[in-house]
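Engineer: Which chain is which? The protein sequence lines are D and W, in order.
Letter by letter, the first sequence follows residues 1 to 184 in the numbering used here.
Letter by letter, the second sequence follows residues 1001 to 1158 in the numbering used here.
Every residue, glycine too, gets a C-beta built ideally from N, C-alpha and C.
Just dropping this structure here.
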Amino acid sequence: MRRLLYLLPFLLFIGVGVAFYLGFERDPRDIPSALIDKPAPTFDLPAVPGQMAQGQPATGGLSSAKLAGDVTLVNVFASWCIPCKAEHPVITRLSREQGVTVYGINYKDKPEDALTWLSRNGNPYAAIGADQDGRVSIDWGVYGVPESYLIDRKGRIRFKHVGPLTPQVVEEQILPMVKHLRQG
Amino acid sequence: MKRLLLAVLLALSAPAAIPALAVQPDEVLPDPALESRARAISQELRCLVCQNQSIDDSNAPLARDLRLLVRDRLKAGDSDDKVMEFVTDRYGDYVLLRPPFKATTLVLWIGPFAVLLLGAAGTFLFLRGRRGVAAGADTAPLSADERRRLDALLRKDD
């Protein structure tokens, strides 16, 4: 019993060490969203100006009204954001092959740059809202693009991913969640 | 001469020691009272891009957007608490550089005092135990044989 007492500081040290070690595994940039399970913010964003002129179908911007009905993914992107380009094929596959409606919020982008980017990389978005001053994105709690939000049929935010979507995140988190939310 | 030169150099370098302001002139509100409230609020809000800077110190574009937002809310007539609430509703308690005292932050606030108390209790118990040993509280008195040997040893020293 007494020997155990002497071991106590050592055991405490091991415990604290393990806790700190696990802390290293966490990404400090990954801040939990305050909006999970809350209704998506009310907003009404115009389309990227000039989308028609480039021969791309004008989808009339994005508003919160469009988000209710089906499970959708809202992706915040910008042409100046390098990881957005990295995740673009993953988003494209999600929208074209995996049957998830993806909406885009074009964050603080120049319209001409956004349009060039979309015509070069393809446009997987069912509609895009241009958030030129970033105010609507602040309502969404955006702090670094790209960010993706999963919205359920009632228009509530159910999941948030900060940083580029990877095939692994899609397979392991997004698709199962979409399936679950469609049933619910 | 040398001293004069040093003094001049020191005087010249003083302005450089004042940190550059992140708040741009075009952000500043015309009403000084409102502006000083905006500054005070901005100093309490974490910039989510640089994380260890307040939005008042940070040059990140998001920090600027949040500074403008804080000023817009104040202009719209919000109280300081209302502005804070507006920002925490969107970004969570994480944006507050001073975490609030509530159930989820209890370990953070109480933890250090609990550890201090635990250490103090341990020290107290340890010292009390040792004082007991020193006072001979838990040692048996000398037997007659031991006493005789001790006397003999002490006498030899004289």
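#1: Less than 8 Å between C-beta atoms, sequence neighbours within five positions excluded: which residues of the same chain meet that for Lys-38 of chain D?
#2: Per DSSP, which residues does Asn-106 of chain D bridge with? Please list them.
#3: Taking any Cβ of chain D, which residues in the segment 1046-1075 of chain W have a Cβ under 8 Å from it, in chain order?
#4: Assuming Val-74 of chain D and Thr-166 of chain D make a contact with CB atoms under 8 Å, what is their CB distance in whole Å?
#5: When you compare only the Cα positions, how much space is there between Arg-1148 of chain W and Lys-1156 of chain W?
#6: Find out if the Cβ-Cβ distance for the pair Ile-128 of chain D, Gly-61 of chain D is shorter than 9 Å.
#7: Less than 9 Å separating the beta-carbons of Asp-109 of chain D and Val-48 of chain D?
#8: Would you tell me roughly how many angstroms separate the C-alpha atoms of Phe-24 of chain D and Gly-15 of chain D, rounded to the nearest one?
#9: With 9 Å as the C-beta to C-beta threshold (strictly closer), list the residues of the segment 1086-1115 of chain W near chain D in chain order.
#10: With the cut-off set at 9 Å, would you say Asp-1089 of chain W and Ala-34 of chain D are in Cβ contact?
#11: Determine the DSSP secondary structure at Ser-63 of chain D, reduced to helix, strand or coil.
#12: On the CB-based measure, 16 or more other CB atoms within 10 Å of its CB, does Asp-1056 of chain W come out buried or exposed?
#13: Is the shortest distance between the beta-carbon of Trp-140 of chain D and the beta-carbons of chain C less than 9 Å?
#14: Considering only their Cβ atoms, is the gap separating Val-1049 of chain W from Ser-1058 of chain W smaller than 9 Å?
#15: Could you name the residues of the same chain whose beta carbon sits closer than 6 Å to that of Ser-79 of chain D, not counting the 5 residues immediately before and after it, in chain order?
#16: Pull up the distance between the alpha-carbon of Pro-46 of chain D and that of Cys-81 of chain D, whole angstroms please.
#17: Quick one: grab the DSSP three-state call for Glu-97 of chain D.
#18: Per DSSP, Thr-72 of chain D is paired with what?
#19: What would DSSP say about Asp-27 of chain D, mapped onto helix, strand or coil?
#20: Tell me whether Ser-137 of chain D sits in a helix, a strand or coil according to DSSP, three-state version.
#21: Pull up the CB-CB distance for Ile-138 of chain D and Asp-1065 of chain W, whole angstroms please, since I reckon it's below 8 Å.
#22: What residues from chain W crowd round Gly-134 of chain D, counting only those whose CB sits closer than 7 Å?
#23: For Glu-1027 of chain W, tell me which candidate among W:Ala-1007, W:Gln-1043 and W:Asp-1072 has the shortest Cα-Cα distance.
#24: Any C-beta of chain W sitting closer than 9 Å to the C-beta of Tyr-149 of chain D?
#25: Just how far apart, CA to CA, sit Phe-43 of chain D and Val-136 of chain D?
#26: Please state the DSSP three-state secondary structure of Phe-118 of chain D.
#27: Would a C-beta distance cut-off of 9 Å place Arg-1098 of chain W and Glu-1035 of chain W closer than the cut-off?
#28: If you follow the alpha helix (DSSP H) that Lys-1102 of chain W is in, where does it begin and where does it stop?
#29: Select from W:Ala-1076, W:Arg-1003 and W:Ile-1041 the residue whose C-alpha is nearest the C-alpha of Leu-1096 of chain W.
#30: Kindly list the residues whose CB is nearer than 7 Å to the CB of Val-1083 of chain W, restricted to its own chain and excluding five residues on each side of it in sequence; keep chain order.
#31: What residues of chain W sit near Ser-33 of chain D, judged by a beta carbon separation below 8 Å?
#32: Is the CB of Lys-160 of chain D under 9 Å away from at least one CB in chain W?
#33: Can you give me the Cβ contacts of Tyr-143 of chain D inside the same chain, cut-off strictly under 6 Å, excluding the 5 residues immediately before and after it?
#34: Just verifying my parser: in three-state terms, what is the DSSP assignment at Pro-46 of chain D?
#35: Using DSSP with H/G/I as helix, E/B as strand and the rest coil, what is Ile-157 of chain D?
#36: State the start and end residues of the unbroken alpha helix (DSSP H) segment that holds Thr-969 of chain W.
Structural biologist: So, from the data block:
#1: Arg-156 and Ile-157
#2: D:Phe-77 and D:Ala-130
#3: Leu-1048, Val-1049, Gln-1051, Pro-1061, Leu-1062, Asp-1065, Leu-1066 and Leu-1069
#4: At roughly 18 Å, the Cβ-Cβ gap does not stay under 8 Å, so Val-74 of chain D and Thr-166 of chain D are not in contact.
#5: 13 Å
#6: yes
#7: yes
#8: 15 Å
#9: Val-1087, Thr-1088, Asp-1089, Arg-1090, Tyr-1091, Gly-1092, Asp-1093, Tyr-1094 and Val-1095
#10: yes
#11: strand
#12: buried
#13: Reference to chain C is not applicable here, since the protein chains of this structure are D and W.
#14: yes
#15: Asp-109, Asp-113, Ala-114 and Trp-117
#16: 21 Å
#17: coil
#18: D:Thr-101 and D:Ile-151
#19: coil
#20: helix
#21: 6 Å
#22: Asp-1065
#23: W:Asp-1072
#24: no
#25: 7 Å
#26: A small fix is needed here, since residue 118 of chain D is Leu in this sequence, not Phe. Note: Leu-118 of chain D maps to helix in three-state DSSP.
#27: no
#28: First-last for Lys-1102 of chain W: undefined, no H or E at that position.
#29: W:Ile-1041
#30: Ile-1041, Val-1070, Arg-1073 and Leu-1074
#31: Gly-1092
#32: no
#33: none
#34: coil
#35: strand
#36: The requested residue 969 of chain W does not occur in the structure, where chain W is confined to residues 1001 to 1158.
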